[in-house]
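What follows is one structure encoded as structure tokens, with my remarks underneath.
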Amino acid sequence: MSATAFAGEVQQSSCSNCWDGWFAGATFGQFANTDGRVQGDSGEGDLNLYALSVGRNLDKQLLGCDLAAYVEAGLLETNYGPIDIDVIPFTFNLKAERELFAGINGYVSAGAGYAFSRVSMGSMSYGDGGIYGQGSIGLSYDINENVEIFGGARYIVLDEVDFGIPSADADNNVGYEVGLRYNF
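Quick note on the working numbering: the sequence shown kicks off at -4 and runs consecutively.
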């Protein structure tokens, strides 16, 4: 990329450090149906999470923890017998992470945003949305300077998300998460 600074002079812009501090990740999680509703041996009613995130280290610390901010887009899906539920949350999150020992870090994060929901049963479908929140705590391992894997527990708040069918309410759930993050 080049730009003209003064008549006849060409300036080269260097962007070798443009991505320093940025990261991208992918997460899978599962939240078990613990409310006793329709659940068979197949895990029916379990809520699966698939999410992608992008964020930036803030170059700030709080109580010895490195701080980062990231946005996450996800898909939560489940079924209760003939009822299919999809929730698409978009959240803004803050993460605090601290090295515990060589390459292993502890993290805690929290986020809030909005979730769109869709409930389908046969040919009937209902869509709505509401406030969505989440929090997680866990460990990450630095495979190398750029790649890390992580795993932990995640709590999701779905109270404000309207599913339109009382028997299809997914409520709040605690589950596990595993993922991969790439640091640019």
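Just so it is clear, CB atoms sit at the ideal spot from N, CA and C, and this is done for glycine as well.
Within its own chain, the residues whose Cβ lies closer than 6 angstroms to the Cβ of residue 128, once the five positions on either side in sequence are excluded, are 107 and 152, listed in chain order. For residue 84, DSSP records a beta bridge to 110. Rounded to the nearest whole angstrom, the C-alpha separation of residue 69 and residue 140 is 26 angstroms.
For residue 179, no beta strand (DSSP E) run applies, since DSSP gives it neither H nor E. Of all alpha-carbon atoms in 138, 114, 144 and 132, the one lying nearest the alpha-carbon of residue 150 is that of 132.
Taking every protein chain shown into account, the CB of residue 135 has 16 or more other CB atoms within 10 angstroms, so this residue is buried.
Membership of residue 138 in any beta strand (DSSP E) is not indicated, and neither H nor E is assigned to it by DSSP. In this structure, the beta-carbon distance from residue 26 to residue 173 does not fall below 8 angstroms.
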